[in-house]
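For the protein sequence lines, the chains are F and A, in the order given.
Take 2 as the starting number for the first sequence in this note's numbering and just add one per residue.
Take 6 as the starting number for the second sequence in this note's numbering and just add one per residue.
Glycine residues also receive a C-beta, built at the ideal position from the N, C-alpha and C atoms.
Predicted model only: the values in this text are computed from it and were never measured.
This report concerns only the one structure given below.
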Amino acid sequence: MDLAHAQTLVEARSYIAALADNARSVEASSAYGYVLIELDRLHGDESPALSTDGLTTSRDVLFAVANSAVEELLGHGLDALDIELLLARLDEAHSLDRL
Amino acid sequence: MYGENGDRMRTELAALLRQHRVQHRLDPSGSQPSGDRESAGLLILRYRHTVLSWCTQAVLAAKPLVFSTALPAPANPFRASNESGAVASELARALHAAQESSTAGNATLEMLSAPSDNAVVEHWRSVASAAALAEHDTNGSAAVALTAAQAEALVGDVAAITQALVVLDHRYSNTPGWEKLADRGRLGWAALATALDVSLGQPDYSVDQTGWRPRTKVLRGPVRPGVLGVLQAEHNLLVHLRSFPNAMNLRLIVDSQRQVSNSLTPMAERINGDYAARWSARGTTYAVIQQQLRNIGGRLGHGAPAVGEAANASARVRALPPDTIIEPRVLAGFQTLFDRIDHRIADIVDDGIDRGAFVERITIPKLGTGAKHLIIPAAEKFIPVTRASDLDVVRTLRERLRPPPDSGPASPGQSRADLHTAILHRPASRGTPSEAPQL
Numbered sequence: 002m003d004l005a006h007a008q009t010l011v012e013a014r015s016y017i018a019a020l021a022d023n024a025r026s027v028e029a030s031s032a033y034g035y036v037l038i039e040l041d042r043l044h045g046d047e048s049p050a051l052s053t054d055g056l057t058t059s060r061d062v063l064f065a066v067a068n069s070a071v072e073e074l075l076g077h078g079l080d081a082l083d084i085e086l087l088l089a090r091l092d093e094a095h096s097l098d099r100l
Numbered sequence: 006m007y008g009e010n011g012d013r014m015r016t017e018l019a020a021l022l023r024q025h026r027v028q029h030r031l032d033p034s035g036s037q038p039s040g041d042r043e044s045a046g047l048l049i050l051r052y053r054h055t056v057l058s059w060c061t062q063a064v065l066a067a068k069p070l071v072f073s074t075a076l077p078a079p080a081n082p083f084r085a086s087n088e089s090g091a092v093a094s095e096l097a098r099a100l101h102a103a104q105e106s107s108t109a110g111n112a113t114l115e116m117l118s119a120p121s122d123n124a125v126v127e128h129w130r131s132v133a134s135a136a137a138l139a140e141h142d143t144n145g146s147a148a149v150a151l152t153a154a155q156a157e158a159l160v161g162d163v164a165a166i167t168q169a170l171v172v173l174d175h176r177y178s179n180t181p182g183w184e185k186l187a188d189r190g191r192l193g194w195a196a197l198a199t200a201l202d203v204s205l206g207q208p209d210y211s212v213d214q215t216g217w218r219p220r221t222k223v224l225r226g227p228v229r230p231g232v233l234g235v236l237q238a239e240h241n242l243l244v245h246l247r248s249f250p251n252a253m254n255l256r257l258i259v260d261s262q263r264q265v266s267n268s269l270t271p272m273a274e275r276i277n278g279d280y281a282a283r284w285s286a287r288g289t290t291y292a293v294i295q296q297q298l299r300n301i302g303g304r305l306g307h308g309a310p311a312v313g314e315a316a317n318a319s320a321r322v323r324a325l326p327p328d329t330i331i332e333p334r335v336l337a338g339f340q341t342l343f344d345r346i347d348h349r350i351a352d353i354v355d356d357g358i359d360r361g362a363f364v365e366r367i368t369i370p371k372l373g374t375g376a377k378h379l380i381i382p383a384a385e386k387f388i389p390v391t392r393a394s395d396l397d398v399v400r401t402l403r404e405r406l407r408p409p410p411d412s413g414p415a416s417p418g419q420s421r422a423d424l425h426t427a428i429l430h431r432p433a434s435r436g437t438p439s440e441a442p443q444l
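Okay, structure coming up:
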């Protein structure tokens, strides 16, 4: 994993973790947690540490940047179908959070 | 488990002690003056020998841990205070002598398992089979784990059972072919003195929870309806947690416990506020652990069956209607399972970090944008995890998840009081002489 890939992965993990921490319900938080675990699984659990310090608490902003970071992973050798499935799960978690 | 076998021995002996006119009971038909009574008596002698064997073995196993409160410590510091002269040693010696001089021999497996038509013999068979099973609970590796206070309780139980055997020996002495206990008076007094000595100390009746117990198995078969299905999944999760999960599977399990606790809390509130408060705190603790585990990785381990049961528990608890009423017994079952799962998860993380199966993720340097250097190193030092307590997640587990040990003293239970009452029992209508041990 090169540095740019690692940096993108850290961003994606951090934004999804922040979404889980700021979710309005336990179910939505768990759904974001599953997305995070799925992202780690795609990388063989060799992901760098995340940090949510200093991130915004706005869920819409976090969702947008998380989406963008996950899409950006496509350029680092991940399978396009895996990325699409991940985005779908992220979207599902976000809709659960808006209920 | 010693509690079950000890309880059965005491209950059956108490029932025997409450029976009078024994000769009539041994041969209720009265058709043959001595034949039936003699054969029943010989069978009872085999059962009694089995009980004596257990008593001797148990007191020998517990004796090194029983320090007499009655005797002053010997002046010579190199001489143990629980050697000769201590009451437990005297009881062990008297029991050994009684067992050695008994010619009956232990009851065979057929004798222990074949039920008898005679109620008296059947009581004796029950006592003997419980004594045979109790050998698993008090000898060998079980004896090594005994504490001094538990050993006191065990010796107290042996003393009470020995007193009962002495009283019954006196009562059965007219049975044809009966073999009296050797030196019955000394055995009775040794048992009495031991019981007194133990009562002056502080016996720990948690000894009832020690000993052999059957291996816990997965609850198979159809899914139980409603909240029982959640209980079933939680039980199966605990059983599957015997195998070590990898870090990702552990995160999934932790998440399921958070969901189960949070979902059950409002249902528990209507029945038991204490449980509701504890489960709410448990849910919060698991949320913190879940956050802290994000930066823990590790591919060693398995845990797929445990994750399957964890997913079952989450899915079933989500499917429960919000107005579900949970019985107090089911609530207590959840609490027991939660305590054990919490302990197991804490053990898994501790062990995983100690043996290197779980590792802390590294913080990577950042790419600079407009600064002098293209790559900005991480603004923190890399500290190797030399001790498990260096990690936040381990501190959380130790401080918040592990349930505090149950500090309340274990109750002696009803059967011990019953046996003591039965030893002193005498029929109200007849002025028979006392059957208490005599010199």
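Legend entry - residue 120 of chain A in three-state terms, based on DSSP: coil
Inset, instruction - Spell out whether any CB of chain F is found under 8 Å from the CB atom of residue 300 of chain A. - result: yes
Inset, instruction - Return the chain-ordered list of same chain residues with a C-beta closer than 8 Å to the C-beta of residue 56 of chain A, the five sequence neighbours on each side being excluded. - result: Only residues of its own chain outside the window of five on either side were considered, and among them 14, 132, 133, 136, 166 and 170 have a CB closer than 8 Å to the CB of residue 56 of chain A, listed in chain order.
Inset, instruction - For residue 94 of chain A, count neighbouring Cβ atoms within 10 angstroms of its own Cβ and tell me buried if that reaches 16, exposed if not. - result: buried
Inset, instruction - List the residues that DSSP assigns as beta-bridge partners of residue 302 of chain A. - result: Residue pairing by DSSP puts residue 302 of chain A in a beta bridge opposite A/364.
Inset, instruction - Tell me residue 250 of chain A's beta-bridge partners as DSSP assigns them. - result: A/307
Inset, instruction - Using only alpha-carbon positions, find the residue among A/138, A/295 and A/403 that is nearest to residue 104 of chain F. - result: One cannot answer for residue 104 of chain F here, as it falls past the ends of chain F, which runs 2 to 100.
Inset, instruction - Would you be able to state if there are at least three C-beta pairs under 8 Å between the stretch 61 to 78 of chain F and the stretch 8 to 21 of chain F? - result: Verdict: yes, contact present.
Legend entry - residue 385 of chain A, DSSP secondary structure in three states: Residue confidence for residue 385 of chain A is low, a pLDDT of 48 falling below 50, so the modelled location carries little weight; the figure read from the coordinates is stated next. DSSP places residue 385 of chain A in coil when its eight states are reduced to three.
Legend entry - Residues near residue 160 of chain A in its chain [Cβ-Cβ closer than 7 Å; skip 5 each side]: Leaving aside the five residues that flank residue 160 of chain A on each side, the residues in its chain whose CB is nearer than 7 Å to its CB run, in chain order, 64, 67, 71, 93, 199 and 203.
Inset, instruction - Measure the alpha-carbon distance for residue 103 of chain A versus residue 230 of chain A and round it to whole angstroms. - result: 56 Å
Inset, instruction - Following the continuous alpha helix (DSSP H) through residue 11 of chain A, name the residue where it begins and the one where it ends. - result: 7 to 22
Inset, instruction - Could you round the C-beta distance between residue 343 of chain A and residue 287 of chain A to whole angstroms and report it? I think they count as a contact, below 8 Å. - result: 6 Å
Legend entry - Expected contact under 8 Å - CB spacing of residue 405 of chain A and residue 290 of chain A to nearest Å: 5 Å
Inset, instruction - Verify the CB distance criterion: does residue 62 of chain A have a CB-CB separation below 8 Å to chain F? - result: Residue 62 of chain A is outside the set of residues whose beta carbon lies under 8 Å from a beta carbon in chain F.
Legend entry - Distance, residue 285 of chain A Cα to residue 266 of chain A Cα: 7 Å
Inset, instruction - Could you check what DSSP says for residue 50 of chain F in three-state terms: helix, strand or coil? - result: coil
Inset, instruction - Confirm the yes/no value for this check: CB of residue 128 of chain A, any heavy atom of the ligand HEM, distance under 7 Å. - result: The ligand HEM is not part of this structure, which contains no ligands at all.
Legend entry - Coarse secondary structure for residue 207 of chain A, derived from DSSP in three states: coil
Legend entry - Three-way DSSP call (helix, strand, coil) for residue 69 of chain A in this model: helix
Legend entry - Per-residue DSSP class, three states only, for residue 96 of chain F: When secondary structure is reduced to three states using DSSP, residue 96 of chain F falls in the helix class.
Legend entry - Contacting residues, own chain, Cβ-Cβ under 7 Å from residue 273 of chain A (five flanking each side not counted): Exclusion of the five residues before and after residue 273 of chain A leaves 280, 281, 284, 331 and 336 as the residues of its chain whose Cβ lies within less than 7 Å of its Cβ.
Inset, instruction - Give the interface partners of residue 290 of chain A over in chain F, defined as CB-CB distance under 7 Å, in chain order. - result: Chain F residues near residue 290 of chain A: none, gap ~13 Å exceeds 7 Å.
Legend entry - Contact with chain A by residue 95 of chain F, beta-carbon distance below 8 Å: With 8 Å as the cut-off, residue 95 of chain F does not count as an interface residue toward chain A.
Inset, instruction - Could you pull out every residue in the same chain whose Cβ sits closer than 7 Å to the Cβ of residue 152 of chain A, ignoring the five residues on either side in sequence? - result: Once the five neighbours on either side are set aside, the close Cβ partners of residue 152 of chain A are 209.
Legend entry - Pick from A/162, A/246, A/48 and A/99 that is closest to residue 120 of chain A, judged by C-alpha positions: A/48
Inset, instruction - Hey, could you find the ends of the alpha helix (DSSP H) residue 333 of chain A is sitting in? - result: 333 to 359
Inset, instruction - Report the option in F/51, F/94, F/38 and F/12 whose CA atom is closest to the CA atom of residue 69 of chain F. - result: F/12
Legend entry - Interface flag, residue 69 of chain F vs chain A, CB-CB below 8 Å: No, no contact with chain A.
Legend entry - Near-chain F residues of the stretch 341 to 373 of chain A - C-beta to any C-beta below 8 Å: Listed by position along the chain: 365, 366, 367, 368, 369, 370, 371 and 372.
Legend entry - CB contact check: residue 5 of chain A to chain F, cutoff 8 Å: This structure cannot speak to residue 5 of chain A, because chain A is shown only from 6 to 444.
Inset, instruction - Show which residues of chain F have a CB atom less than 9 Å away from the CB atom of residue 252 of chain A. - result: Result: 41 and 46.
Inset, instruction - Output yes or no for whether 8 Å exceeds the beta carbon distance between residue 309 of chain A and residue 254 of chain A. - result: yes
Inset, instruction - For the alpha helix (DSSP H) containing residue 9 of chain F, list its first residue and its last residue. - result: 4 to 22
Legend entry - Cβ-based burial, residue 82 of chain F [other Cβ within 10 Å; buried from 16]: exposed
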